[in-house]
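Worksheet for the structure shown next.
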Amino acid sequence: MEPEKLEEFRQLLQGQLDEILRNAGETVAEMTDEKENFPDPTDRASLESDRNFELRIRDRERKLANKIREALERIDSGEFGLCESCGEEIGEGRLKARPVATLCIECKTEQERQEKIG
């Protein structure tokens, strides 16, 4: 892949990682600042439900952050954009849609087909 394209993907990935980390910091700040007492059990349940939902989102973002870090490492090592299954280049369109992709569309389709069978 051309160095200019790699730099574009590096900036895209770093921007996504920065946003995830910023969101995580805001969530921590919000949850530690809330010292509200809810005498009404319904209000308390609503708050707990909202917190649970927020934590699930942050957990998904944490997993995505790890994938982003791995993609940045692949850029540094020269492996970015190569399918880890067949070794062929992953299409630029696929990488733009999902820059953390490690499989070309053909190998990913086959993987999903195998998962449905098994």
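The sequence shown begins at 592 in the numbering used here and counts up by one.
We treat Cβ as the ideally placed atom computed from N, Cα and C, and that holds for glycine.
Have a look at residue i and residue j and give me their C-alpha separation to the nearest angstrom.
i    : j    : result
L673 : C695 : 8 Å
E701 : D609 : 33 Å
F671 : E599 : 12 Å
G682 : K707 : 24 Å
A636 : S668 : 48 Å
E675 : E703 : 15 Å
L655 : R642 : 20 Å
L663 : S640 : 35 Å
Q602 : R651 : 21 Å
If you run the structure through DSSP and keep just helix, strand and coil, what is residue i?
i    : result
E595 : helix
E664 : helix
E706 : helix
E675 : coil
E670 : coil
Could you tell me which of the options sits nearest to residue i, measuring between CA atoms?
i    : options                : result
Q607 : T618, N657, A636       : N657
A692 : E661, I708, Q705       : E661
E617 : E683, T633, R649       : R649
R653 : R704, L612, E680       : L612
E679 : E697, L663, D667, L597 : E697
K596 : Q705, G709, G684, D631 : G684
N614 : M592, G709, L646, L638 : L646
E621 : P630, Q602, L638       : L638
Who are the near neighbours of residue i in its chain, counting only those whose CB is closer than 7 Å to its CB and skipping five residues on each side?
i    : result
I659 : L604, Q607, L608, V691
R665 : F671
Three CB pairs or more closer than 8 Å across the stretch 672–690 and the stretch 611–630: no
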